[in-house]
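> The structure that follows is given in the form of structure tokens.
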Amino acid sequence: MDQLLQFFISGLTVGSIYALVALGFSIIYNASDVVNFAQGEFVMIGAMSAIFMLKAGIPYPLAIFLAILISATVGLCLEKFAIEPAKRATVVSTIIITIGASIFLRGAALLIWGKDIYGLPPFTDNTPIHIGRATMLPQNLWVMLGTAFLVIVVRYFFDKTRVGKAILACSYNKKAAYLVGINVKTMLLIAYGLSAALGAVAGVLIAPITFMTYGAGVMLGLKGFCAAILGGMGNSMGAVLGGLILGIVETVGAGFISSGYKDAIAFFVILLVLFFKPSGILGKGEVERV
Amino acid sequence: MPLLEVKGLEKSFGGLKAITDLSFSVPEGQIFSIIGPNGAGKTTLFNLLTNIYKPTKGSIFFNKKDITKLPPFKIAALGISRTFQNLQVFMNMNVVENVMVGCHLRSKSGLFASAFRLPSVIAEEKRVRDMALEALEFCGLKDYSSQPASALPYGILKKLEIARALASKPRLLLMDEPAAGLNDTETMELCRLIEAIRDSGITVLLVEHNMGLVMEISQTVLVLNYGRLLAKGSPRDIQKNPEVIAAYLGEG
Amino acid sequence: MKRLLGFYIFSFITLVLPILFPDNYYVTVVGLTVLINISLAVSLNLLMGYAGQISLGHAAFFGLGAYSSAIFTIKYGFNPWTAIFFGLLIVFLLSYILSRPILKLKGHYLAMATLGLGIIVHIFFVQADEITGGPDGISGLPTLSIFGFPIDTDLKWYFIFAIFMLITVLLSLNIADSRAGRALSAVHGSEIAAQMMGIDTAKVKSHIFVFSALIACIAGSLFAHQQNFVSPESFSFFFSIELVTMVVLGGLGSTFGAVVGAFILSILPELLIVFEDFEVLIFGAILMTIMIFLPDGLFVAIKNKIAFLAFKRSQKEVANATS
Ligand SMILES: Nc1ncnc2c1ncn2[C@@H]1O[C@H](COP(=O)(O)OP(=O)(O)O)[C@@H](O)[C@H]1O
Ligand SMILES: [Mg+2]
């Protein structure tokens, strides 16, 4: 029982990170129909920039803020220089473009930061908190609460603000959005920037718990994609749910079966879910109209 | 003995009932038209007949056989083919290849035989191409046969769908708004083409908004309104039916 | 003859190169990688280009072929040919069982499922060390013999790989011009219309999935015997992505497109080595640039351009003749 609780805590922590990455996926997907395989690189860039700015003596909060800003800028550039010029892009060609972008960003990170492994100090004093016989670090709490906060903010942004609603309008029908006077190009830029910023936050939150390298974005990105699909592509609350489920399944699987097979278990569960529910947990199966 | 028989058919999408308790039968050899305002459920009916949508209730018989639960490709094999309101031309192929796909049921080489190009495949290729060219000729498209589908205008693509459907030698052909988007000359040609199809022994089920065309060539007209059968009869009866005039013809 | 003219020219070049340059590093060493990658890209193109079904896990079948050969020859002492047969049997069963539920999925969901499959198989190679030797892999594979003649030099391997690659290309070209190939293109163009023409789309997709998996499996076995060694690295998610990139880079749906894409992507790292640390960065940049500006792929874009110019020329001739 205690062990289960322990898994649950760890699971929710990684799950929160997956949820943020998945949320980033779904924001970009909703705005532009692109599945951005460079999403994981946003996480890596966020974490690595924070780490190196901290090393350079910039105060921790400012370093975090700047790291988020850097990642968001990278997101804007991705949209501006890789997505926007691709006029006749199909599903497959956008996949290749974003994979190209992720390789490019990884290559840049390798040049700038090298191959070494880094970490961030915890945000606050890291004395373990005991819950029964399970323990939790304050950083875990930071991750969960930070995620919960961001999910609420994003939800509010899309439900209540003009810009948020305009981005969603672009996702339903670009032409119509354009006709009612929405600046589609700007909306897409905002979506990419926002999504990259979310990725960076995920990176900064998780870097004190796991280690970071220039290549750490790959698996995080894939898991985020997994989570977004699990929840139903384009459904942002589905993405969050998918992330949490994925995190918990993975930790429980690692604990009870084998930690080496951790990732395999996660992907196996996705396959099973898709076999029975081909459009994810909260996704609507769409019928093509002919 | 009707060729197609529909009994108590129903289809709902969530709360919306697109087809409600619909029963009718189509005699062999007719041009049988279905008319009704936009959203009446005509396309949905076609999708139910070909099992692209699963009916919520009811059953469909073709040539006395219950086809309600058969997958579309098996329904096609029994002799039903169709064209689509939203064009479903294979844009990645040229014209004759599109129609050769229509000959799928009349040929049989599988993946293995095709990959090794066994002698039977070479002979069949030639036969299939001839069949396709015949269908193209019938529809007046022979000159386009080697053009890529993606380069052709809308009117030609509509005819191409008809040629492709005919290439499977169906007994029943469902046509969903074939005249939509055509100019007057093209519509006249289409009119002759549909009659020629009927005269070649194929029963035609036609959904069409062009009333001139419908009334000129149909033997039976069925009026759908909000997914229900409003009236059914000869074009003459339908034109005189006060309910139909009120619900539909009166509007336009 | 005309139908396969390109193929004959291509075969001639492939087979004459090593005779002209038997000791050239780029022919007999890089060439082997190029040849195996072409086979894999062409097989993947059957599924992705012809049938329009994306797969981000093709390396899994390549790996299963390689590992089957390694495991059955070394751990169980079977003759290499028997091992290849076992590999085919395993891949056949696995791909056949998985094909229907996986290919029911569409678009990004299909991408996810095939990605998952590839990653699971790769993790199995890394983790199941009693069977697969873990991260270190298995070394010491015996060399392959044909009718008692051992294939023991790079040059001999070149010819084996080349013949296998040419057969793959030929099968792919044959399929394109056939009832089966049209059924695949129809599935790609409109699944609903394909069904209405009597095509059992689920079956067609499943068959081509299995077929392309089997080609990858044989490629894997040959690769393992040539290298004398297998390790998980060669069959990772990254390699699956590389294969997809090859297909798309050349031009989805064109057999020679896949050939060109595989060729470029296989020699590119060799050329980029001079950039050292910049290699990864430049590789990503090239990938993005080509896809942004030539989404139809290099080979297909060039082919279309030539066809377009020929068309314009014929128009001009018609105009000249009538004026
Ligand atoms: N796939 C679907 N999902 C939800 N509603 C649908 C679907 N297809 C049709 N409908 C609804 O069913 C009704 C009938 O549509 P349709 O059959 O296309 O009409 P028609 O062809 O007569 O113009 C419409 O209200 C339409 O919105
Ligand atoms: Mg309609």
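Top to bottom, those sequences are chains A, X and D.
Counting from 1, position 40 in the first sequence corresponds to residue 40 in the numbering used here; the numbering is continuous, with no gaps.
Take the position in the second sequence, starting the count at 1, then add 1000; the result is the number in the numbering used here.
Take the position in the third sequence, starting the count at 1, then add 2000; the result is the number in the numbering used here.
In this text, a Cβ means the ideal position worked out from N, Cα and C, and glycines have one as well.
Just the chain A side, please: which residues come within less than 8 Å of residue 2308 (chain D) by C-beta, in chain order?
Against the third sequence, residue 2308 (chain D) aligns to sequence position 308. Per Cβ cutoff of 8 Å: no residues; residue 2308 (chain D) is ~16 Å from chain A at best.
> By the three-class DSSP mapping on this structure, what secondary structure does residue 279 (chain A) have?
Within the first sequence, the letter at position 279 stands for residue 279 (chain A). DSSP places residue 279 (chain A) in coil when its eight states are reduced to three.
> Less than 8 Å between the C-beta atoms of residue 2056 (chain D) and residue 2111 (chain D), yes or no?
To locate residue 2056 (chain D), count along the third sequence from 1; it is residue 56. To locate residue 2111 (chain D), count along the third sequence from 1; it is residue 111. Going by C-beta atoms, residue 2056 (chain D) is nearer than 8 Å to residue 2111 (chain D).
> Would you call residue 1082 (chain X) buried or exposed, if buried means 16 or more other Cβ atoms sit within 10 Å of its Cβ?
The sequence position of residue 1082 (chain X) within the second sequence is 82, counting from 1. The residue in question, residue 1082 (chain X), is buried, as its Cβ has 16 or more Cβ neighbours within 10 Å.
> What residues in the segment 1076-1094 of chain X have a beta carbon less than 8 Å from any beta carbon of chain A?
Listed by position along the chain: 1084, 1085, 1086 and 1088.
> Go ahead and pull the three-state DSSP assignment for residue 118 (chain A).
On the first sequence, position 118 is the one that residue 118 (chain A) refers to. In the structure shown, residue 118 (chain A) sits in a strand (DSSP, three-state: E or B).
> Alpha carbons only, please: which of A:91, A:190, A:127 and A:271 is nearest the one belonging to residue 137 (chain A)?
In the first sequence, counting from the first residue as 1, residue 137 (chain A) sits at position 137. When each option's Cα is compared against that of residue 137 (chain A), the closest is A:127.
> Could you have a look at residue 48 (chain A) and say whether DSSP puts it in helix, strand or coil?
Your numbering for residue 48 (chain A) matches position 48 in the first sequence. Note: residue 48 (chain A) maps to helix in three-state DSSP.
> Below 8 Å, can you find three or more Cβ-Cβ pairs linking the segment 211-227 of chain A to the segment 31-42 of chain A?
Yes: at least three Cβ pairs fall under 8 Å.
> Report the rounded CA-to-CA distance for residue 1225 (chain X) versus residue 1017 (chain X), giving the unit in angstroms.
For this step, residue 1225 (chain X) is matched to residue 225 along the second sequence. For this step, residue 1017 (chain X) is matched to residue 17 along the second sequence. Each residue's Cα considered, the two are about 12 Å apart.
> Rounded to a whole number of angstroms, what is the C-alpha to C-alpha distance between residue 1238 (chain X) and residue 2256 (chain D)?
In the second sequence, counting from the first residue as 1, residue 1238 (chain X) sits at position 238. In the third sequence, counting from the first residue as 1, residue 2256 (chain D) sits at position 256. For residue 1238 (chain X) and residue 2256 (chain D), the distance between alpha carbons rounds to 59 Å.
> Using a beta-carbon distance below 8 Å, is residue 277 (chain A) in contact with chain X?
Taking the first sequence and counting its residues from 1, the one referred to as residue 277 (chain A) is at position 277. Cβ-Cβ to chain X under 8 Å: no for residue 277 (chain A).
> Between the Cα of residue 1060 (chain X) and the Cα atoms of X:1023, X:1247 and X:1128, which residue gives the shortest distance?
Here the question's residue 1060 (chain X) lines up with position 60 in the second sequence. Here the closest residue by C-alpha is X:1023.
> Mind checking if residue 2186 (chain D) is an interface residue toward chain A, Cβ cutoff 8 Å exclusive?
On the third sequence, residue 2186 (chain D) is found 186 positions in, with the first residue counted as 1. Cβ-Cβ to chain A under 8 Å: no for residue 2186 (chain D).
> Should the segment 1133-1143 of chain X be called in touch with the segment 1157-1165 of chain X, which here means at least 3 C-beta pairs below 8 Å?
Counting Cβ pairs under 8 Å, three or more are found: they touch.
> Could you check whether the Cβ of residue 1115 (chain X) sits closer than 8 Å to any Cβ belonging to chain D?
Locating residue 1115 (chain X) in the second sequence gives position 115, where the first residue counts as 1. Output row for residue 1115 (chain X): interface = yes.
> Mapping DSSP to helix, strand and coil, what is residue 1195 (chain X)?
Locating residue 1195 (chain X) in the second sequence gives position 195, where the first residue counts as 1. DSSP places residue 1195 (chain X) in helix when its eight states are reduced to three.
> Helix, strand or coil, according to DSSP, for residue 162 (chain A) in the structure here?
If you number the first sequence from 1, residue 162 (chain A) lands on position 162. Helix, per DSSP.
> Using a Cβ-Cβ cutoff of 8 Å, what residues of the segment 2108-2141 of chain D are near chain A? List them in chain order.
Answer in chain order: 2108, 2109, 2111, 2112, 2113, 2115, 2116, 2117, 2119, 2120, 2123, 2124, 2126 and 2127.
> Listed from N- to C-terminal order along the chain, which residues in the segment 69-88 of chain A have their beta-carbon within a distance smaller than 7 Å of any beta-carbon of chain D?
Answer set for the segment 69-88 of chain A: 82, 85, 86 and 88.
> Could you round the C-beta distance between residue 2204 (chain D) and residue 2183 (chain D) to whole angstroms and report it? I think they count as a contact, below 8 Å.
Sequence index remark: in the third sequence, residue 2204 (chain D) carries index 204 (1-based). Sequence index remark: in the third sequence, residue 2183 (chain D) carries index 183 (1-based). About 5 Å separates the two Cβ atoms, so the contact holds.
> For residue 2200 (chain D) and chain X, any beta-carbon pair shorter than 8 Å?
Working through the third sequence from its first residue, we reach residue 2200 (chain D) at position 200. At least one chain X Cβ lies under 8 Å of residue 2200 (chain D).
> With DSSP run on the structure shown, which of helix, strand or coil describes residue 2309 (chain D)?
Position 309 of the third sequence holds residue 2309 (chain D). Looking at residue 2309 (chain D) - three-state DSSP - the assignment turns out to be helix.
> Are the segment 229-249 of chain A and the segment 16-29 of chain A touching by the rule of at least three beta carbon pairs closer than 8 Å?
Yes, the segment 229-249 of chain A touches the segment 16-29 of chain A.
> In chain D, what lies closer than 8 Å to residue 1120 (chain X) by C-beta?
The residue you call residue 1120 (chain X) lines up with position 120 of the second sequence. Residues of chain D passing the Cβ test: none, with the nearest at roughly 11 Å.
> Should residue 272 (chain A) be labelled buried (16 or more other beta-carbon atoms within 10 Å of its own) or exposed?
On the first sequence, position 272 is the one that residue 272 (chain A) refers to. Under this definition residue 272 (chain A) is an exposed residue.
> Quick check on the burial criterion: 16 or more other C-beta atoms within 10 angstroms. Buried or exposed for residue 1001 (chain X)?
For the purposes of this step, residue 1001 (chain X) is identified with residue 1 of the second sequence, where counting begins at 1. Classification for residue 1001 (chain X): exposed.
> Please list the partners that residue 116 (chain A) has in chain D, where partner means a Cβ-to-Cβ separation under 8 Å.
Within the first sequence, numbered from 1, the residue matching residue 116 (chain A) stands at position 116. Simply none; closest approach about 14 Å.
> Cα-Cα, which of A:72, A:205, A:70 and A:90 is closest to residue 120 (chain A)?
In the first sequence, residue 120 (chain A) corresponds to position 120, counting from 1. Residue 120 (chain A) has its Cα closest to that of A:205, out of A:72, A:205, A:70 and A:90.
> Going straight from the alpha carbon of residue 2286 (chain D) to that of residue 1131 (chain X), what length do you get?
Position 286 of the third sequence, counted from the start, is the residue given in the question as residue 2286 (chain D). Position 131 of the second sequence, counted from the start, is the residue given in the question as residue 1131 (chain X). Roughly 47 Å between the two C-alpha positions.
> Does the CB of residue 2197 (chain D) have a neighbour CB from chain X at under 8 Å?
Translated into the one-based positions of the third sequence, residue 2197 (chain D) becomes position 197. So, interface residue.
> Just jot down, in chain order, the residues whose CB lies closer than 5 Å to any heavy atom of ligand 1.
Listed by chain position, these are A:287, X:1013, X:1018, X:1038, X:1039, X:1040, X:1041, X:1042, X:1043 and X:1044.
> Using a Cβ-Cβ cut-off of 6 Å (strictly less than) and excluding sequence neighbours within five positions of residue 951 (chain X), which residues of its own chain qualify?
Here chain X has residues from 1001 to 1252 only, and residue 951 (chain X) is not among them.
> Quick check on residue 203 (chain A): does DSSP put it in helix, strand or coil?
Working through the first sequence from its first residue, we reach residue 203 (chain A) at position 203. Note: residue 203 (chain A) maps to helix in three-state DSSP.
> If we define contact as Cβ-Cβ less than 8 Å, is residue 249 (chain A) a contact residue for chain X?
Residue numbering aside, residue 249 (chain A) sits at position 249 when the first sequence is read from its first letter. Chain X, which has no Cβ nearer than 8 Å to the Cβ of residue 249 (chain A), makes this no.
> Is the distance from the Cβ of residue 1056 (chain X) to the Cβ of residue 1010 (chain X) below 8 Å?
Mapped onto the second sequence, residue 1056 (chain X) falls at position 56. Mapped onto the second sequence, residue 1010 (chain X) falls at position 10. Contact flag set, yes.
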